[in-house]
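Below is one structure, written out as structure tokens; the observations come after it.
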Amino acid sequence: MLLAGLGLCFGSFVNALVWRVRQQAISPPSLRLRWTGNKQKAINSKDLPITHFQFSILSGRSQCVNCHHLLVSKDLVPVLSWLFLRGRCRYCQKPISVQYPLVEIAGATVFVASYYFWPLHIAAGQWVLLVSWLATSVGLLALAVYDLRWMILPSRILYPTLALALGGRLAYILFFAQDKARSFWLLGLSVLVASGIFWVLFMISSGRWIGYGDIRLGLITGSVLASPAKSFLMIFLASVLGTLFVIPRLITKRQSFSSKLPYGPWLILSTALTLLFGEPIIDWYTQLLI
Ligand SMILES: [Zn+2]
Numbered sequence: 004m005l006l007a008g009l010g011l012c013f014g015s016f017v018n019a020l021v022w023r024v025r026q027q028a029i030s031p032p033s034l035r036l037r038w039t040g041n042k043q044k045a046i047n048s049k050d051l052p053i054t055h056f057q058f059s060i061l062s063g064r065s066q067c068v069n070c071h072h073l074l075v076s077k078d079l080v081p082v083l084s085w086l087f088l089r090g091r092c093r094y095c096q097k098p099i100s101v102q103y104p105l106v107e108i109a110g111a112t113v114f115v116a117s118y119y120f121w122p123l124h125i126a127a128g129q130w131v132l133l134v135s136w137l138a139t140s141v142g143l144l145a146l147a148v149y150d151l152r153w154m155i156l157p158s159r160i161l162y163p164t165l166a167l168a169l170g171g172r173l174a175y176i177l178f179f180a181q182d183k184a185r186s187f188w189l190l191g192l193s194v195l196v197a198s199g200i201f202w203v204l205f206m207i208s209s210g211r212w213i214g215y216g217d218i219r220l221g222l223i224t225g226s227v228l229a230s231p232a233k234s235f236l237m238i239f240l241a242s243v244l245g246t247l248f249v250i251p252r253l254i255t256k257r258q259s260f261s262s263k264l265p266y267g268p269w270l271i272l273s274t275a276l277t278l279l280f281g282e283p284i285i286d287w288y289t290q291l292l293i
């Protein structure tokens with residue numbers, strides 16, 4: 004219950020984070036400087052369209068994206084507010100995207116599933132990894148949402164998420180791993196697989212097949228999985244999931260072969276699946292080889 008609640012709240016945070024990072028990205032740089040330079044001396048709201056006003060990523064109250072009415076706590080209860088308001092803004096009656104409750108539910112699902120399906124017994128060292136993964140998953144969820152909506156993996160979410168993933172993994176290796184040298188080696192190889200394969204594809208195609216963001220995303224997923232075998236499995240799974248998703252759209256002509264598709268969400272989804280369920284699959288596969 005506690006984890007579900009936490010996940011819902013972090014899902015809610017993801018919605019706000021994604022929207023605020025987007026607002027910053029599309030606002031003119033001059034305004035951005037004025038705002039971050041001195042919060043107190045903030046720009047007079049009457050001079051400027053209010054969308055250019057809500058700049059700070061972590062502070063400041065949330066507002067309706069349509070009428071910009073500041074939201075009060077009863078508007079911000081994850082999922083329930085949306086259901087209670089029947090998906091409409093309390094103030095302007097404009098429909099609120101179903102993205103909001105869906106992302107909140109996704110956050111709760113990740114938190115609960117990660118705890119229940121964590122592949123190893125959760126003792127001291129595994130706690131470090133689990134907490135680091137939950138924190139990382141919040142960043143990854145934000146990246147997935149952002150990539151789905153705008154086909155970009157923004158650095159402002161990507162690098163903090165990388166710090167969470169890599170920091171947790173390094174702390175685990177330094178303080179808890181039995182064979183530190185081997186763990187470091189596997190981590191390095193894992194990142195090399197998860198990121199390097201995309202780097203090669205990026206170089207060969209000069210950026211046509213794969214986005215630069217996917218290379219940097221590989222640094223995160225490689226650190227999370229910390230095993231070259233799992234990183235291979237993750238990429239394989241992402242390709243399968245992505246293909247299964249695209250085929251019906253190609254058939255119904257909602258998509259053409261040349262149109263760009265975000266690959267990030269598939270990589271992120273399959274990283275979560277590989278982390279929680281990858282071990283038995285890899286064991287089964289290695290037994291086939293021997
Ligand atoms: Zn509104």
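For the sequence shown, the positions run 4 to 293 when this note's numbering is used.
Virtual Cβ for every residue (Gly too), placed ideally from N, Cα, C.
Alpha carbon of residue i to alpha carbon of residue j, nearest angstrom
| i | j | result |
| --- | --- | --- |
| Ala232 | Ala174 | 22 Å |
| Gln43 | Cys67 | Low local confidence applies: a pLDDT of 38 at Gln43 is under 50, so the model's placement there is unreliable, with the coordinate-based value given in what follows. Going by the C-alpha atoms only, they are around 23 Å apart. |
| Arg211 | Ser76 | 45 Å |
| Asn18 | Gln290 | 43 Å |
| Leu370 | Val115 | No answer is possible for residue 370: the residues shown for the chain start at 4 and end at 293. |
| Gly245 | Ile176 | 33 Å |
| Gly214 | Val101 | 27 Å |
| Arg252 | Leu264 | 11 Å |
| Trp153 | Gly191 | 31 Å |
| Leu88 | Ala229 | 43 Å |
| Leu74 | Gly63 | 11 Å |
| Leu133 | Phe280 | 14 Å |
| Gln26 | Asp286 | 45 Å |
| Gln96 | His71 | 12 Å |
| Ile223 | Asp217 | 10 Å |
| Phe120 | Ala180 | 21 Å |
| Asn41 | Met206 | Residue placement at Asn41 is flagged as unreliable, the pLDDT there being 41, under the threshold of 50; a coordinate-derived value is accordingly withheld. |
| Ile293 | Leu204 | 31 Å |
| Leu83 | Ser209 | 46 Å |
| Trp136 | Leu270 | 15 Å |
| Ile284 | Tyr149 | 30 Å |
| Gly8 | Leu278 | 22 Å |
Integer Cβ distance of residue i from residue j, believed to fall under 8 Å
| i | j | result |
| --- | --- | --- |
| Gly171 | Val131 | 6 Å |
| Ala275 | Val113 | 7 Å |
| Gly14 | Gly110 | 3 Å |
| Leu146 | Ile160 | 6 Å |
| Ser193 | Gly225 | 5 Å |
| Gly142 | Leu167 | 6 Å |
| Ile99 | Trp85 | 6 Å |
| Leu156 | Arg93 | No, Leu156 and Arg93 are not in contact; Cβ-Cβ is about 33 Å, not under 8 Å. |
| Val227 | Thr139 | 6 Å |
Span of the alpha helix (DSSP H) around residue i
| i | result |
| --- | --- |
| Phe114 | Gln102 to Tyr119 |
| Ser186 | Lys183 to Ile207 |
| Lys233 | Pro231 to Ile254 |
| Ser15 | Leu5 to Ile29 |
| Tyr175 | Ser158 to Phe178 |
| Trp130 | Ala127 to Trp153 |
| Trp212 | Element bounds for Trp212: n/a, residue is neither H nor E. |
| Asp286 | Gly267 to Leu292 |
Helix, strand or coil at residue i according to DSSP, with G and I counted as helix
| i | result |
| --- | --- |
| Pro98 | strand |
| Leu73 | strand |
| Arg91 | strand |
Burial state of residue i (16 or more Cβ within 10 Å)
| i | result |
| --- | --- |
| Phe56 | With a pLDDT of 45 at Phe56, under the threshold of 50, the modelled position of this residue cannot be trusted; read the value that follows with caution. That one is buried. |
| Val21 | buried |
| Thr164 | buried |
| Met237 | buried |
| Thr54 | Bear in mind that a pLDDT of 44 at Thr54, under 50, signals an unreliable position, so the number given afterwards is only what the model happens to contain. Answer is exposed; the Cβ neighbour count stays below 16. |
| Asp182 | exposed |
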